[in-house]
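Inspection log for the structure reproduced underneath, given as structure tokens.
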Ligand SMILES: NC(=O)c1ccc[n+]([C@@H]2O[C@H](COP(=O)([O-])OP(=O)(O)OC[C@H]3O[C@@H](n4cnc5c(N)ncnc54)[C@H](OP(=O)(O)O)[C@@H]3O)[C@@H](O)[C@H]2O)c1
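Residue numbers (this note's numbering): 22 to 303.
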């Protein structure tokens, strides 16, 4: 069972997991995760062995201005799901975010670094993680922290989708060059989650494409793949922009636990972004 089935990441998860399992995708119209009785009724009627929880309020600025809704969906909604999974021994995978980090570290964040969110979205997702850990233990569960998503083709509402649309119009684009993260292709994420599930893993894992980049680096790579003049991408400092929610200076991730297993590595971001653009988006 997959929640948030109309969302950006869900497309890759539904495609991949339905190759060798019966998968039921549910979205808000099927199951509002903030309503405990509805969550219980829907999950017990589907009777999944595994549940991948993607549903969330993901608009960082909206969360900042609507904290009650952010906590209700991202924290309490996740708790509602975890409680039913715990009661019926359903294996839970919760997809969390690099936004749980504060941004001051010079190196990418590993699973051993302390989370210290600086905006409501990050805090609401971190509370979701805490509910999963507290509710599921001692049963097995996986919490995956992913970086900046790209993927989903027509559902690509994030940075990559926006830059492609702008580059198609003949405009110069200003892009910040002092905010860092780890791009994460939703198909690679789904593959990484499948690896963890099929190898009986449990606990917290970082799963992002390899690399540590600024938004500007990503935009330049997109221009290169599209064959557009890279000078149309103009680097600017984030101090020139006003965000409703504060952004961490860095939310770059290293997949330390995954890499230490020595069996599966996430691809470098440039390779995955190139493949996505060429095969799916352009
Ligand atoms: N986007 C990123 O860059 C990123 C990075 C790292 C981690 N993540 C995490 O990965 C997961 C998937 O992200 P995404 O970008 O694919 O999400 P998305 O495109 O925003 O989709 C989220 C889905 O959740 C649904 N939803 C919202 N409130 C709900 C509720 N109360 N009950 C049931 N469903 C509800 C939304 O439905 P409506 O549209 O109808 O509201 C939407 O279909 C999220 O948990 C997110 O926190 C995202």
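We treat Cβ as the ideally placed atom computed from N, Cα and C, and that holds for glycine.
From what residue to what residue does the beta strand (DSSP E) around residue 216 run?
Within the chain shown, numbered from 1, the residue matching residue 216 stands at position 195. Run containing residue 216: none in the beta strand (DSSP E); it sits in the alpha helix (DSSP H), 207 to 219.
- Query: From the DSSP output, which residues share a beta bridge with residue 273?
  - Reply: Position 252 of the chain shown, counted from the start, is the residue given in the question as residue 273. Its beta-bridge partners do not exist; DSSP assigns none.
Assuming residue 172 and residue 208 form a contact by the criterion Cβ under 8 Å, report the distance between their Cβ atoms to the nearest whole angstrom. On the chain shown, residue 172 is found 151 positions in, with the first residue counted as 1. On the chain shown, residue 208 is found 187 positions in, with the first residue counted as 1. Right, their Cβ atoms sit about 6 Å apart.
Exercise. Are the stretch 89 to 101 and the stretch 143 to 160 in contact at 8 Å, needing three or more beta carbon pairs?
Worked result: yes
Original post:
Counting along the chain, where does the beta strand (DSSP E) carrying residue 56 start and finish?
Top reply: By 1-based counting over the chain shown, the position of residue 56 is 35. First-last for residue 56: undefined, no H or E at that position.
Note to self: Let me check understanding here. Comparing Cα to Cα, which of 83, 117, 57 lies closest to residue 105?
What the structure shows: Residue mapping note: residue 105 aligns to position 84 of the chain shown, counting from 1. Residue 105 has its Cα closest to that of 57, out of 83, 117, 57.
Can you tell me whether residue 109 is helix, strand or coil according to DSSP? Here residue 109 corresponds to residue number 88 of the chain shown, with the count starting at 1. Residue state, collapsed to three classes: coil.
Cβ-based neighbour list, residue 33, same chain, cut-off 6 Å, excluding 5 preceding and 5 following
For the purposes of this step, residue 33 is taken as the residue at position 12 of the chain shown. If we look at residue 33 and ignore the five residues flanking it on each side, its Cβ neighbours are 172, 207, 208, 211.
*What is the DSSP secondary structure of residue 243, counted as helix, strand or coil?*
By 1-based counting over the chain shown, the position of residue 243 is 222. In this structure, residue 243 counts as helix in the three-state DSSP scheme.
- Item | Unbroken beta strand (DSSP E) run spanning residue 136, endpoints | In the chain shown, counting from the first residue as 1, residue 136 sits at position 115. First-last for residue 136: undefined, no H or E at that position.
(message) Quick check on residue 128: does DSSP put it in helix, strand or coil?
(response) As a working mapping, residue 128 is identified with position 107 in the chain shown. Coil at residue 128, not helix or strand.
- [ ] Evaluate contact between the stretch 45 to 55 and the stretch 22 to 36, counting only Cβ atoms and requiring at least three cross-stretch pairs below 8 Å.
- [x] yes
TODO: Could you work out which residue in 101, 139, 217, 205 is closest to residue 76 when comparing CA atoms only?
DONE: On the chain shown, position 55 is the one that residue 76 refers to. That would be 101, whose Cα lies nearest to the Cα of residue 76.
**Message:** What I want to know is whether the C-beta of residue 45 ends up closer than 7 Å to one or more non-hydrogen atoms of ligand 1.
**Reply:** Locating residue 45 in the chain shown gives position 24, where the first residue counts as 1. Incorrect: residue 45 has no Cβ contact closer than 7 Å to ligand 1.
In angstroms with no decimal places, state the Cα-to-Cα distance between residue 65 and residue 59. Mapped onto the chain shown, residue 65 falls at position 44. Mapped onto the chain shown, residue 59 falls at position 38. Spanning the two alpha carbons is a distance of roughly 10 Å.
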